[in-house]
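A.B. asks: Protein chains in written order, with my numbering: chain B, 1 to 110; chain X, 1001 to 1286. Quick reminder that beta carbons are idealized off the backbone N, C-alpha and C, glycines included. Computed from a prediction, not measured in an experiment: that's the story for all the values here.
#1: Does any C-beta atom of chain B lie closer than 8 Å to the C-beta of residue 1002(X)?
#2: Alpha carbon to alpha carbon, how far is residue 980(X) from residue 1143(X)?
#3: Identify, in the order they occur along the chain, each residue of the same chain with its Cβ nearer than 8 Å to the Cβ of residue 1273(X), setting aside the five sequence neighbours on each side.
#4: Can you name the residues that DSSP bridges to residue 1143(X)?
#5: Scan the segment 1052–1071 of chain X for residues whose Cβ lies nearer than 8 Å to a Cβ of chain B and list them as they occur along the chain.
#6: Under a three-way DSSP split, which group does residue 1003(X) fall into?
#7: Check each residue of the segment 6–25 of chain B: if its Cβ is closer than 9 Å to any Cβ of chain X, include it; give the result in chain order.
#8: Is residue 85(B) close to chain X, meaning its C-beta is less than 8 Å from at least one C-beta of that chain?
#9: Could you check which residue in 1245(X), 1200(X), 1177(X) has the C-alpha nearest to that of residue 1233(X)?
#10: Starting from residue 44(B), find everything on chain X with Cβ-Cβ shorter than 7 Å and list it in chain order.
#11: Would you tell me roughly how many angstroms separate the C-alpha atoms of residue 64(B) and residue 1039(X), rounded to the nearest one?
#12: Grab the span of the beta strand (DSSP E) containing residue 1212(X) for me, first residue to last.
#13: Helix, strand or coil: how does DSSP classify residue 1253(X) here?
#14: Please compile the residues from chain B whose C-beta is within a distance smaller than 8 Å of the C-beta of residue 1042(X).
#15: I believe residue 1209(X) touches residue 1229(X) by the beta-carbon criterion, under 8 Å. Please report the beta-carbon distance rounded to the nearest angstrom.
#16: Determine which residues share a DSSP beta bridge with residue 1192(X) and list them.
#17: Just tell me which of 39(B), 104(B), 89(B), 81(B) has its CA closest to the CA of residue 1063(X).
#18: Note down, in chain order, every chain B residue with its Cβ under 9 Å from the Cβ of residue 1050(X).
#19: Quick check: the segment 1138–1153 of chain X against the segment 1255–1263 of chain X, are at least 3 beta-carbon pairs closer than 8 Å?
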């Protein structure tokens, strides 16, 4: 529960404080948001499966965001940034979809 | 993950498919299951205060990061907006500079002409007369006289994308050519003198005359004997073209004779390569 509470606090703090993002970080934002969405859906599904774990949630969230940013950074350095971004979006998108489908089955039994 | 894939009886699939298969069948982070199994075997893990605090801090940080990213992405890119404003300002400033320079140019032109006249009047009136004719024909000076005015306007209800019902550069070319053929002595389109160096063309949807974009209505003015111009203009293909435009595309075109027209001077031509023949050589030839 700590993790979820912390996340909520963080979201509210972010909305209130509106920190500015340095220009150098701008390219990583879309991927970071998608990675965060993936972790959120994964956590929600685990919660419905009854196996939610604070530590796993936070660690998977963090590693998702960092790894996604790293892949985009690497891609930019190699000149294949767009393609790698696409790959990340595809993989994470598939995961989000299947997690969302599992959540739907849990909630609506359909 | 491979282990799990085989457990589920997917061993028959090509190895390269295992990633996709596990992605599709078990999208949940395996960490959750591992943690659940650990809890079963070892009981609930005892969490230290430090560990919990770290967890909470990380979670807060992630929340801030995610929402900041989302908010930043939703906001219009300030850099882009700023760059646009800077460019707009620059365009406006440059336009002002251009018009200032044009005014100066016109003033200097008049000065040159009066000085030229003053200098030549006494020494060589013959050259002065020839110069006046040359200037009039080449568009170097503004001219006035009677003539006809042809007005072309887009169809009243023509939209932005309704390309067919708008006046094209080719329509203007036909009209201008028709006027030349009818014996016009000087022609202008929307106040821009048409000379031998003037191109009437289009860029996108805009009609450009001498690289200046114009908008409907297009007013083509030609100096010449109004009656003769009008009669002979009616004999050129331009007349049929105007009739076709009106009938098929609702593009209105009118031809009126005007008692006095003012056709402005053309911008001074920039000749990079063309050079006039040396005067002596010309005289030898003739």
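C.D. replies: In short:
#1: Because residue 1002(X) sits at a pLDDT of 43, beneath the cut-off of 50, its placement in the model cannot be relied upon, and the point is left open.
#2: No statement about residue 980(X) is possible, as the shown extent of chain X runs from 1001 to 1286 and does not include it.
#3: none
#4: 1263(X)
#5: 1052, 1055, 1056, 1057, 1058, 1059, 1060, 1061, 1062, 1063, 1064, 1065, 1066, 1067, 1068, 1069, 1070, 1071
#6: Bear in mind that a pLDDT of 44 at residue 1003(X), under 50, signals an unreliable position, so the model cannot answer this.
#7: 6, 7, 8, 9, 10, 11, 12, 13, 14, 15, 17, 18, 19, 20, 21, 23, 25
#8: no
#9: 1177(X)
#10: Within 7 Å Cβ-Cβ: nothing; residue 44(B) doesn't reach chain X, min ~10 Å.
#11: 24 Å
#12: 1212–1214
#13: strand
#14: Within 8 Å Cβ-Cβ: nothing; residue 1042(X) doesn't reach chain B, min ~13 Å.
#15: Their Cβ separation, rounded to whole angstroms, is 20 Å, which puts residue 1209(X) and residue 1229(X) out of contact at 8 Å.
#16: 1189(X)
#17: 39(B)
#18: Neighbours of residue 1050(X) on chain B: none; closest Cβ ~13 Å, over 9 Å.
#19: yes
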